[in-house]
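Notes to accompany the following structure.
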Amino acid sequence: MNFVADENIDVPIIQELRKLHLNILSISESMPGCSDSEVLAFANKNNSFLITSDKDFGELIFRQRKILKGVILLRLHGLRSDEKLKLVEEFFTEHINVLNESNLFVVISENSVRIRKSII
């Protein structure tokens with residue numbers, strides 16, 4: 002299972018996910034400064050879920066139907082780094098089987114995880 006971490010994803014989160022043996026491709030490491038469309042194209046090319054905290058991807062995903070695998074939106078603003086890490090790690094350890102499906106839109110927030118199927 003592949004994941005593309007958008008530039009806005011904290012490096013400690015990427016490192017923690019890699020410790021969980023997840024294949025994480027980082028935009029900040031491989032394609033810094035690229036557009037949202039380029040990020041989605043890269044995720045699609047690699048058959049990857051996109052991990053982002055950028056709500057602007059909603060336009061490209063829902064209206065233009067530009068994602069194949071799915072999106073994991075982190076709504077964790079205002080939390081300390083250790084709190085973010087804990088929530089993200091909990092999601093990936095408790096819900097990893099859900100990610101075997103395609104066309105998912107997942108929102109991880111401080112108090113909930115929402116999983117919407119068939120985003121396109």
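According to this note's numbering, the sequence shown is numbered sequentially starting from 2.
Backbone N, C-alpha and C fix where the C-beta goes; we use that ideal spot for every residue, glycine too.
- Within the same chain, N3, V5, L26 come within 7 Å of N47 by CB-CB distance, once the 5 residues on both sides are set aside.
- Counting along the chain, V12 sits inside the alpha helix (DSSP H) bounded by residues 12 to 20.
- L77 sits in coil when the DSSP states are folded into three classes, being neither helix nor strand.
- In the displayed model, N3 falls within a strand according to three-state DSSP.
- Short of 7 Å from the beta carbon of S49, and not among the five residues preceding or following it, lie these beta carbons of its own chain, in chain order: N3, F4, V5, L26, K70.
- If you ignore the 5 residues before and after F93, its C-beta comes within less than 8 Å of the C-beta of L18, L21, L23, all in its own chain and listed in chain order.
- In the structure shown, S110 falls within a strand segment according to DSSP collapsed to helix, strand and coil.
- For S29, the enclosing alpha helix (DSSP H) stretches over residues 28 to 31.
- N104 and S82 have their alpha carbons spaced roughly 29 Å apart.
- In this structure, the alpha-carbon of D11 lies about 22 Å from that of I62.
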